[in-house]
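Engineer: What follows is a single structure, and I will ask about it in a moment.
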Amino acid sequence: MEGKPSVSKICESTPGICSDLNTDNWCNVERSEFIYSRYERSLNDTSENQYFVMRDLEKYSKCIELAATLEMTKSKQKQSDRLEAFINSRKNIEKLADETADSEHPLWLYWHWANRSDHEALDKLLALEGSKQMETPELKLALATYYTKKDSEKTFELLYSALRLYRPDDKVNPEIPSTLVSMYLKEGNGPEAYVWSQVAWQFGQKNLDKNSMKSIVNASEDQYDDWDDRAEAIVDKIEEGKFRGYYSSSS
């Protein structure tokens, strides 16, 4: 978030962006990402920025729902604060869903298919496949999500092409490399699954750390070191906007 105001500055200067969120330290990462998404939309109210608000809102809502259900023996006020924030998040999700029900933007077509089983939206989305409009990482991921159970090779190709589209300083969606992990595990390719798990971990997918993957993919420490080096190189290339990798089947 280089060059942008801090979360506290945003909340101070534009209270409406933060007023319906929890005020304690729970879900700090999700809360901050959601605040920045709202801030970006306040500066440039595009369909794409509107979608990113929804994406980060849903992540925040899941986190604060869990926090709201925990027993708070020390402070019932904190419990009430989190519960209110969760209720607000669900209201905001429904409001955004209603506002975008007739949107023709491909990101919203994807969302309404994935979350509301809107098959008319899916048909419209698939009709756009191959068009210039679909040449973004998020939309490549959306298509990959659709093809995951239908066409593994196409899914791989879409995920790799999504990573090739990132430009320097873009925020990388960790769902792309983490989906590659799932696909490689399904293919039985442990080494590639491990490498991509470390890529995903470095981009923020914290459940794919070394220890969790070592329990799935057994190898020597030298092999792990080699794979870690590969993951580092991939991360560097993606962050520099120079990733040129392509899927190669292990079969």
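Counting from 772, one number per residue, gives the positions in the sequence shown under our numbering.
No residue lacks a Cβ here, since even glycine has one placed at the ideal position from N, Cα and C.
#1: The alpha helix (DSSP H) with Lys1008 in it runs from where to where?
#2: Does DSSP put Lys860 in a helix, a strand or coil?
#3: Here's the rule I'm using: 16 or more other beta-carbon atoms within 10 Å means buried, otherwise exposed. How should Asp852 be labelled?
#4: Kindly indicate which residue of Ser818, Cys782, Asp816 has the alpha-carbon position closest to the one of Arg802.
#5: Would Arg809 be called buried (16 or more neighbouring beta carbons within 10 Å of its own) or exposed?
#6: Determine, using beta carbons only, whether Pro948 and Met905 come nearer to each other than 8 angstroms.
#7: Thinking C-beta only, is Ile835 closer than 8 angstroms to Trp884?
#8: The alpha helix (DSSP H) with Val943 in it runs from where to where?
#9: Roughly how many whole angstroms lie between the Cα atoms of Trp882 and Thr794?
#10: Give every residue of the same chain whose Cβ lies closer than 7 angstroms to the Cβ of Glu946, excluding the five residues on either side of it in the sequence, and list them in chain order.
#11: Taking the CB atoms as reference points, tell me whether Ser860 and Leu893 lie closer together than 8 angstroms.
#12: Do the region 994-1009 and the region 921-929 make contact, defined as three or more Cβ pairs closer than 8 angstroms?
#13: Tell me the DSSP secondary structure of Trp967 in three-state form.
#14: Can you give me the start and stop residues for the alpha helix (DSSP H) that Val824 sits inside?
#15: How would you write the range of the alpha helix (DSSP H) that Cys782 sits in, first residue to last?
#16: Throw me the rounded Cβ distance for the Gly1016 and Leu934 pair, which I believe falls under 8 angstroms.
#17: Would you say the region 857-874 touches the region 894-902, given that touching needs at least three Cβ pairs under 8 angstroms?
#18: Does the distance from the C-beta atom of Ala1002 to that of Val970 stay below 8 angstroms?
#19: For Glu963, does the count of other Cβ atoms within 10 angstroms reach 16, so buried, or fall short, so exposed?
Structural biologist: Result, derived from the coordinates:
#1: 992-1011
#2: For the record, residue 860 in the displayed sequence is Ser; it is not Lys. Residue state, collapsed to three classes: helix.
#3: buried
#4: Cys782
#5: buried
#6: no
#7: no
#8: Segment: none, Val943 is in no alpha helix (DSSP H) and carries neither H nor E.
#9: 29 angstroms
#10: Leu912
#11: no
#12: no
#13: helix
#14: 818-840
#15: 778-784
#16: 7 angstroms
#17: no
#18: yes
#19: buried
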